[in-house]
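**Q**
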Amino acid sequence: MSDSGAGMVSWVLNGDPVESPAGMTILEAAKAHGAELPHFCYHPGLSIAGNCRICLVETNRSPKPAISCSERISDGLEVQTHSEKAVEAREGVMEFQLINHPLDCPVCDKAGECTLQDYSFDHGPDESRFVEKKNIRHTKDLGPTIKIWGNRCIVCTRCIRFCDEISGTGELCVVARGDRSVVDVFPGIPIDNPLAGNVVDICPVGALISKDFMFQSRVWNNEHTETVCGGCARGCNVTVETNEGFVKRLMPRENTDVNDWWMCDFGRYGWRYAHDDRRVSVPRRGAEAVETELEAHRDLGELVRGAWGGSKKVAIVVDPFLTCEEAHLVGRVAAGTGATVGGWLPPSGDELTFPGKFKISGEKCPNRRGVEAVLGQEVFGSQAKAVESMLNSGGVDLVIVFAGFPNADCPDALASAVGKATARVAFTLFDGAWSEAADLVLPSASVFEKEGTYVNEDGRLQRVRSKDRPGDAQLAQPGLHSASISSPWVTSELVALQRALVHVGDAERSLSAAGVFRQLADSNEHFKGQSHRGIPATGVPLGGLAPAGVGEGSES
Amino acid sequence: MTDLAFSKDAMKEYEWMLTRYPNKEAALLPTLRIAEREFENLDPAAMKYVADLMGLSPAKVLGVVTFYTHYRREGTGTYHLQVCSTLSCALRGSEDVCAHLSAKLGVGLGETTDDGLFTLSKVECLASCDTAPMLQCNDDYHEGLTLEDVDHLIDRLREEAKAGGAA
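Keeping their order, the protein sequence lines are chains A and B.
For the first sequence, the numbering used here assigns the number 1 to the initial residue and increments by one for each residue that follows.
For the second sequence, the numbering used here assigns the number 1 to the initial residue and increments by one for each residue that follows.
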């Protein structure tokens, strides 16, 4: 056997000598060497239970097959993952798992992403030998958002360990024993915690079902967009699943630097505003709808051109939902018009940290730090105060307001001050005091329709992607806005601002978000050397920004 | 039912019990025994009391209580008839004992008679294989059963209940 490095173990995987760090389990080490083993109860974010037995392998250490998720590698260990004995053992386990399973895949929401289905395909028998009566277990609500189909439960206890170890709320348990055992809650204490939705994600079968997603869509019909959640400054990595442009659900994406494997229910179920009928989806002059977006963008360009060169008094109010790219374009408009830029933040909420280290930020917006990195550390602090007093003292010729708030719940001190400017432009998701007083109202894109980057509270730069395809190609379809109000095809601030700059003559043509980011990287030291393509799936810490909790960058 | 509490003696016994186990959680089974004695059965309020007393989640206590067949749960009759149905007893006719009891009492497995006297259940091995078939009635074993023995047992228990001597 070759020399082992410090802390390395030499072992044999399917006849090949390999090395892995000491302390790893067979399952993890085999995966690292490309041999993925089936598993139900094992989850990298939870403690090891070793109860499902689907990960059995043959070893030279015992005549019985070993549970690869709990047995650790050691020098001289020889593992066979696909020997006759190992496969037979797993097939035996699979047959038992399916004994009482209802095989109701056609009506099960998990079908298509169910590990029981996958492993049944790999290891399951063609037909059941079980001729006895199947056990019936309960189907009921476990909480306001979660329902259990007990017949599908394989009692892997992932959900129970999640509630014990990650959320620390301990609402779930296994009741009864043997083939009657099933997951349940204590009478009168439903599963109702801010992380409850995760138990549905980690359920390897269709036992735990999210009521929000129940019967909404077959999972294989959903389009997947890898983006970040806009619910708070944590910036949890998520996959937005859509069907014909409609959001169906949000699923967390693994990122051990940010959210591990989890996300909170506030973010998970917080997407409905994007399809709210009350959303501003059509641009308008005062109360009158503008026929095409292109026309509305020309209006904006005309107003900006009128103020170009610093001849007028201009104020811009930004929101922390803008991407870094959009903030950069705001910066260009401000530079050209000599505008004063300040920002407003949504009211903050409670910061929550769970026993499993998962954190929900109290800052209910995704990109305060990104906007600060682009437009100045004081943009939501002293600059905001400056803009407010400037508006209140009167004589402002043009104000441009960005109000991408997911609800009309934002500070009204600035909102009422906006009305005092001579010309008023508002980008907004929902109508509020700022848009009711505006001469030109443009729809804001929600987090789900934006292309670009966000910087989370730790200073991590992450990609945001639009659910709408083909993303930036909205540029190629000028003037298109959807007839359906509940699924507006919104042209983002990124496009509107660039069209205005082209109109003024400050830009030759509109660029994609990646193109705007290139300009930003060239001109801003924080973003130096970065590019959209270069940002890893898990994001990258941004240069020169202190990590979270340092508290620099004042909050107004 | 929020005012459930152990009596002074029970609390003393509980505290002594804690000293015999490496951690609190390990003392859950005997504590449930005390609670069963104190509160007659382990209904949700009793389980909640034990959970709060021991600093465990109520769900964990529920899981433990429902795992075992030998705790008295809410709605259990005065006499809990647990018929062993594991190998030795099964070979020696426990199915017949169950069927006979079921017909005689007019209840299915896991059900309680309308008069609240009997609960019938089928349980796993009660470690009395040498005297199969057998059943456990509350804390007593009745071994080497014939169907006549079962009839006698039921009659005797009914009389006992009538005389007000229920255990």
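Using N, Cα and C, we set each Cβ at its ideal position, and we do this for glycine too.
#1: Short of 7 Å Cβ to Cβ, which residues in the stretch 37-71 of chain B face chain A?
#2: Counting Cβ pairs, one atom from each stretch, are 3 or more of them under 8 Å apart for the stretch 451-471 of chain A and the stretch 222-232 of chain A?
#3: Could you tell me which residues DSSP pairs with P21(A) in its beta bridges?
#4: Ends of the beta strand (DSSP E) at H328(A)?
#5: Report yes or no: do the stretch 382-400 of chain A and the stretch 302-316 of chain A share at least 3 C-beta pairs separated by less than 8 Å?
#6: Assuming contact is defined by CB atoms lying nearer than 8 Å, are G515(A) and K364(A) in contact in what I supplied?
#7: From which residue to which residue does the alpha helix (DSSP H) around C173(A) run?
#8: With 16 other CB atoms within 10 Å as the buried threshold, where does D164(A) fall?
#9: Starting from S210(A), follow the beta strand (DSSP E) in both directions and report where the run begins and ends.
#10: Is the shortest distance between the beta-carbon of L480(A) and the beta-carbons of chain B less than 8 Å?
#11: Cβ atoms of G362(A) and E351(A): under 8 Å apart, would you say?
#12: For a contact meaning CB atoms closer than 8 Å, what does A176(A) contact in chain B?
#13: Might you give, ordered along the chain, the residues of its own chain that have their beta carbon closer than 7 Å to the beta carbon of H43(A), omitting 5 neighbours on each side?
#14: Given this structure, state the Cα-to-Cα distance separating L4(B) from R72(B), to the nearest angstrom.
#15: Closer than 8 Å, CB to CB, is G231(A) near chain B or not?
#16: Below 9 Å on C-beta distance, what does E171(A) contact in chain B?
#17: Note down, one range per segment and in chain order, each alpha helix (DSSP H) of at least 4 residues found wholly within the stretch 97-131 of chain A.
#18: Does the CB of F162(A) have a neighbour CB from chain B at under 8 Å?
#19: Ends of the beta strand (DSSP E) at E226(A)?
#20: Looking only at DSSP bridge pairs, what is D140(B) linked to?
#21: DSSP three-state label for L105(B), please.
#22: Can you list, in chain order, the residues of its chain with a C-beta nearer than 6 Å to that of K12(B)? Leave out the 5 residues immediately preceding and following it.
#23: How about L494(A) and E449(A): are their beta carbons less than 8 Å apart?
#24: In whole angstroms, give me the CA-to-CA distance for T112(B) and V107(A).
#25: Quick check: what's the CA-CA separation for V240(A) versus E91(A)?
#26: Decide yes or no for the touch test of the stretch 211-218 of chain A against the stretch 125-133 of chain A: beta carbon pairs closer than 8 Å, at least 3 of them.
#27: For a cutoff of 8 Å on Cβ pairs, would you count I189(A) as touching chain B?
#28: Could you have a look at P44(B) and say whether DSSP puts it in helix, strand or coil?
#29: C89(B) by DSSP, collapsed to three states: which one?
#30: Could you tell me whether the Cβ atoms of P443(A) and V282(A) are closer together than 8 Å?
#31: In chain order, what are the residue ranges of uninterrupted alpha helix (DSSP H) at least 4 long that sit wholly in the stretch 386-424 of chain A?
#32: Who does P252(A) pair with in a DSSP beta bridge?
#33: With a threshold of 16 other CB atoms inside 10 Å of the CB of P17(A), please say whether the residue is buried or exposed.
#34: Taking all protein chains shown into account, decide if D319(A) is buried (16 or more other Cβ within 10 angstroms of its Cβ) or exposed.
#35: Okay, do the stretch 21-30 of chain A and the stretch 63-72 of chain A touch, 3+ Cβ pairs below 8 Å being the bar?
#36: Please work out which residues of its chain come closer than 8 Å, Cβ to Cβ, to A176(A), disregarding the five sequence neighbours upstream and downstream, and give them in chain order.
**A** In terms of the structure at hand:
#1: Per Cβ criterion, the list reads P44, S57, P58, A59, K60, L62, G63, T66 and F67.
#2: Counting Cβ pairs under 8 Å, three or more are found: they touch.
#3: For P21(A), which the question treats as bridged, DSSP gives the partners M8(A).
#4: Unbroken run through H328(A) is the alpha helix (DSSP H), C324 to T337; no beta strand (DSSP E).
#5: Touching, yes, given that three or more Cβ pairs across the two stretches are closer than 8 Å.
#6: No.
#7: That residue, C173(A), is in no alpha helix (DSSP H); its beta strand (DSSP E) goes L172 to V175.
#8: When all chains shown are included, D164(A) counts as buried.
#9: S210(A) -> beta strand (DSSP E) spans L208 to S210.
#10: Low per-residue confidence applies at L480(A): pLDDT is 43, beneath 50, and the placement is therefore not dependable, though the value from the model is reported in the following sentence. So, not an interface residue.
#11: Going by C-beta atoms, E351(A) is nearer than 8 Å to G362(A).
#12: Neighbours of A176(A) on chain B, chain order: T66 and F67.
#13: Contacts found: R158 and I202.
#14: CA-to-CA, the gap between L4(B) and R72(B) works out to about 17 Å.
#15: At least 8 Å separates the CB of G231(A) from every CB of chain B.
#16: Chain-order list of chain B residues neighbouring E171(A): S57, P58 and A59, by C-beta distance under 9 Å.
#17: List check, alpha helix (DSSP H) in window: 115-123.
#18: So no, F162(A) is outside the interface.
#19: For E226(A), the uninterrupted beta strand (DSSP E) segment begins and ends at E223 to V228.
#20: Partner(s): C137(B).
#21: For L105(B), the secondary structure class from DSSP, reduced to helix, strand or coil, is helix.
#22: So the list is empty, once near-sequence residues are dropped.
#23: Taking 8 Å as the Cβ cut-off, L494(A) and E449(A) do not qualify as a contacting pair.
#24: Each residue's Cα considered, the two are about 36 Å apart.
#25: A direct Cα-Cα distance of roughly 35 Å separates V240(A) from E91(A).
#26: In short, these stretches do not touch, since the Cβ pair count stays below three.
#27: Closer than 8 Å to some Cβ of chain B, the Cβ of I189(A) qualifies, so yes.
#28: Helix at P44(B).
#29: Three-state DSSP puts C89(B) in a helix.
#30: Yes.
#31: The alpha helix (DSSP H) runs lying completely inside the stretch 386-424 of chain A and spanning 4 residues or more are 412-418, given in chain order.
#32: Paired residue(s): V238(A).
#33: By the 10 Å Cβ count, P17(A) comes out exposed.
#34: Buried, since its Cβ has 16 or more Cβ neighbours within 10 Å.
#35: The stretch 21-30 of chain A, when compared against the stretch 63-72 of chain A, does touch it at the 8 Å Cβ threshold.
#36: Closer than 8 Å at Cβ, skipping near neighbours: V182.
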